[in-house]
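Here the protein sequences line up with chains A and B, keeping their order.
8 is the number of the first residue of the first sequence in my numbering; add one for each residue after it.
8 is the number of the first residue of the second sequence in my numbering; add one for each residue after it.
No residue lacks a Cβ here, since even glycine has one placed at the ideal position from N, Cα and C.
If you're wondering where the values come from, they're calculated on a predicted model, not measured in any experiment.
Report on the structure given below.
Number of protein chains: 2
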Amino acid sequence: MESGSDLFLRACRGERGSRTPVWLMRQAGRYLPDYREVRKQVDFLTLCRTPELAAQVSLQPIERLGVDAAILFSDILVPAPAMGLSLDFNPGPVVDPPVRSADDVDRLAVPEIEAEVPFVYETIRILRRELAGRVPLIGFAAAPFTLAAYLVEGEGSRTFGQWKRMLYAAPEIAHRLLDKTTQTTIRYVTSQVRAGAQAIQLFDTWGGLVSARDYEEFSLPYAKQVLSAVREEGAPTIYFALDAAHAAAAVATCGADVLGADWRTGLDEASRAFGGTFALQGNLDPCVLLSDAATVRRHTLAMLEDAAGLPGHIANLGHGILPETPLDNAIAFVETVKGYRG
Amino acid sequence: MESGSDLFLRACRGERGSRTPVWLMRQAGRYLPDYREVRKQVDFLTLCRTPELAAQVSLQPIERLGVDAAILFSDILVPAPAMGLSLDFNPGPVVDPPVRSADDVDRLAVPEIEAEVPFVYETIRILRRELAGRVPLIGFAAAPFTLAAYLVEGEGSRTFGQWKRMLYAAPEIAHRLLDKTTQTTIRYVTSQVRAGAQAIQLFDTWGGLVSARDYEEFSLPYAKQVLSAVREEGAPTIYFALDAAHAAAAVATCGADVLGADWRTGLDEASRAFGGTFALQGNLDPCVLLSDAATVRRHTLAMLEDAAGLPGHIANLGHGILPETPLDNAIAFVETVKGYRG
């Protein structure tokens, strides 16, 4: 039987293995009692910045759930301080000062990222050593659009009104900012690959907040640059734009190996919307994991059946696992996927 | 030249008048200085429940902005207390106790709504008298799915995890609840029409939080019942499911006269997704109104050009106007629509 490593990386190449590989977005997180133990000792950012601890929590879901891939424990805003902004969590991210003007954009650095966030690369090196080939290691970053959205807004938001005000009223400033988040992100993730990350996921969490036209102008071209740079480093890429069904045709041109799908669209239908040629990752509604093991199994099997005709499938949730998820339900999800032979 | 009344009601019937009619979702609200003055004296719920004041704020945008329709000042959760739950705003809605079990559902009343919320109907009667035919009056309610989502969750939520847990783990209880929210809503809105509302908008704000399949099971059939009951009363209907591009084909079967479109999809593309036969209402991103008058004009004109081929168009935002919107930008939006001859 193939190891998790083979399963995941083969699925990234659009190949079908003996079974569907599985991992969970935000799998190293508060739903895990072992994670909560570590967090009693350190705050979130200190955890991100302490390689031994970040590696330890990255490994927890491998041991507890038996998932087929590890993902670097970090946060999509970790590059913000390297660009010259302060970052805190309260509990959501707070970036200060928010980037609102052309001058603010000009002041941002495109940093020598390996020197600025060495803990990220050290965590990756520790993880590769500890994993010893059991499962592959995924690195990640925010898509340039989503990183820029946070830098302008200064915090999470339902509407991202400040960011959209810039897109609508001063698109040329937005583009200059996006150039900087793109150059920073390219350095950030290609260095992750060189440190040992075996695949890169780009999270475009807010790419779906704008129209398909604006997505094509402000997000897609920048995401493409990052994905292409990773590909040149030889690592497969996963691109996940949340809530972007209205822009599916544009998303399909991004150049990633695997496209993420959220729970709003069945995997068969999502695959058709993307043109039918991509391996997909997803897409159980994280809220299903708030129910009970029997419900989790039923919905997970339905998801796997939806994926029957796909060129490749990496089972996952359709968004990050919720902190209030009962551990047993996360286990039921993973075990249902691992027991399935389609 | 036609009055606003003719323009709006003709557009509801899919007819093109001399120009595009315009109103704004949540047009009686905190962005208006006159509204903030009234709110200094009374809290939000007291305002909803005091016909003279509710009518007064409903009229403010007619006078300040010159919109082509008035909408009843109220809240989609106003029927909750009539069903036996307490309702407060803090500042978002809080319903207590939340509906979580079959017993909770059984305890809910399908109320004699005119006796329970007489202030709604009195507000409508005052408004029709005060409007004196200048512009028509729109009544509204939550779609049964969206009302049920709040009753189960107990408050607003990003994920509506409690509501989804019911949908996934106990769909039969969800359906019993949806039967009750549907019967209540039918009584609520048909009584609005009998009191004088000349059109009804059904807000399915959370209908897009679930997959197209779940939308078809849990939202669409109930919305259809309400829309059909309103039609039997002789009033046109507008159905607005937010963020539901993934379910557009299903939405198009709801039986409304007009479909709402959010800002994520261009009106031309939204029209195609709905089958090309509907008058549409929408869809400027409310965040455009956070910018400046020139930007508002440019984006509003682009929206109107997108609507050129539609069977009918009611200009509006793609979601409610934001409280922090500068009044001048709301005026620029309305004036751009009213000055446009396509």
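(Q) When you compare the CB of V295(A) with every CB in chain B, is at least one pair closer than 8 Å? (A) yes
>> With DSSP as the reference, identify every bridge partner of I207(B), one or two as the case may be.
In response: G146(B), T244(B)
#### Entry: Euclidean distance between Cα positions of V127(B) and Y38(B)
23 Å
| said: Our contact map puts F210(B) next to F285(B) with C-beta atoms below 8 Å; I'd like the distance itself, whole angstroms only. | reply: That belief does not hold up - the Cβ atoms of F210(B) and F285(B) are roughly 17 Å apart, past 8 Å.
Cβ neighbour criterion (16 or more within 10 Å) applied to E22(B): exposed
Exercise for the section: Starting from Q232(B), follow the alpha helix (DSSP H) in both directions and report where the run begins and ends. Expected result: 227 to 239
Exercise for review: Could you please give the first and the last residue of the uninterrupted alpha helix (DSSP H) stretch that includes D103(B)?
Suggested key: No alpha helix (DSSP H) holds D103(B); the beta strand (DSSP E) holding it covers 100 to 103.
Along the segment 268 to 294 of chain B, where does the CB come closer than 8 Å to a CB of chain A? Name the residues. So the list reads W270, R271, T272, G273, E276, D292, P293, C294, given in the order they occur along the chain.
- Item | Nearest neighbour of G99(B), chosen from D50(B), F281(B), T57(B), E119(B) [CA to CA] | D50(B)
What's the gap between the Cα of I131(A) and the Cα of E70(A)?
Distance between I131(A) and E70(A), taken at the CA atoms: about 18 Å.
Item to complete: Check the Cβ-Cβ distances between Y175(B) and every residue of chain A, and say whether any is below 8 Å.
Response: Chain A contact via Cβ: present.
Rounded to whole angstroms, what is the Cα-Cα separation between L66(A) and T57(A)?
Each residue's Cα considered, the two are about 14 Å apart.
Does the pairing of the segment 237 to 253 of chain A with the segment 166 to 175 of chain A give three or more beta-carbon distances under 8 Å? no
Q) Going by alpha carbons, who is nearest to G327(A) out of E312(A), G73(A), G289(A)? A) G289(A)
On a Cα-Cα basis, can you pick out the residue from D292(B), G283(B), L60(B), L184(B) that is closest to D269(B)? D292(B)
Close Cβ partners of D75(A) (< 7 Å) along its chain, the five nearest in sequence each way excluded: G11, L14, F15, P28, V29, W30, V142
Neighbouring residues, chain B, relative to K298(A) (Cβ below 8 Å)
Position check: residue 298(A) holds Ser in this sequence, whereas Lys was assumed. Here the neighbours are R172, Y175, A176.
Count the other CB atoms, across all protein chains shown, that sit within 10 Å of the CB of F152(B); report buried if there are 16 or more and exposed otherwise.
With 16 or more neighbouring CB atoms inside 10 Å of its own CB, F152(B) falls in the buried class.
*Presumed contact (8 Å Cβ cut-off) between L308(A) and T343(A), rounded CB distance*: 6 Å
Taking 8 Å as the CB-CB cut-off, is G241(B) touching chain A? Cβ-Cβ to chain A under 8 Å: no for G241(B).
- Task: Using a cut-off of 9 Å between C-beta atoms, extract the partners of G168(A) located in chain B.
- Result: P293, C294, L297, L329, E331
| Looking at P86(B) and Q169(B), is the spacing between their C-beta atoms short of 8 Å? | no
Q: Give me the Cα-Cα distance between V102(B) and D95(A), rounded to the nearest whole angstrom.
A: Our two residues, V102(B) and D95(A), have alpha carbons roughly 33 Å apart in a direct line.
Quiz item: If you drop the 5 nearest sequence neighbours on each side, which residues of the same chain put their C-beta closer than 7 Å to that of E121(B)?
Solution: Y128, S198
Does chain A have any CB closer than 8 Å to the CB of H306(B)?
Answer yes: the Cβ-Cβ gap between H306(B) and chain A drops below 8 Å somewhere.
Next on the checklist: Please state the DSSP three-state secondary structure of S108(B).
Outcome noted: coil
Next on the checklist: I'd like to check one pair, M32(B) with N323(B): are the Cβ atoms closer than 8 Å?
Outcome noted: yes
*asked:* Looking at chain B, is there any beta carbon in it that lies within less than 8 Å of the beta carbon of T302(A)?
replied: yes
query = Whose Cβ in chain B lies nearer than 7 Å to the Cβ of H253(A)?
reply = A252, R271, T272
Q. If you pair each beta-carbon of the segment 254 to 270 of chain B with each one of the segment 182 to 189 of chain B, do three or more pairs fall below 8 Å?
A. no
Interface partners of A256(B) on chain A, CB under 7 Å
Within chain A, no residue comes near A256(B); the closest Cβ sits about 10 Å away, beyond 7 Å.
Assigned secondary structure, S93(B) (DSSP; H/G/I helix, E/B strand, else coil): strand
In whole angstroms, give me the CA-to-CA distance for G319(B) and A18(B).
5 Å
message = Quick check on DSSP: helix, strand or coil for I321(A)?
response = strand
Practice task
Give the range of the alpha helix (DSSP H) segment to which Q199(B) is assigned.
Solution key: 178 to 202
Taking 8 Å as the cut-off, decide whether the C-beta atoms of A242(B) and V200(B) are in contact. yes
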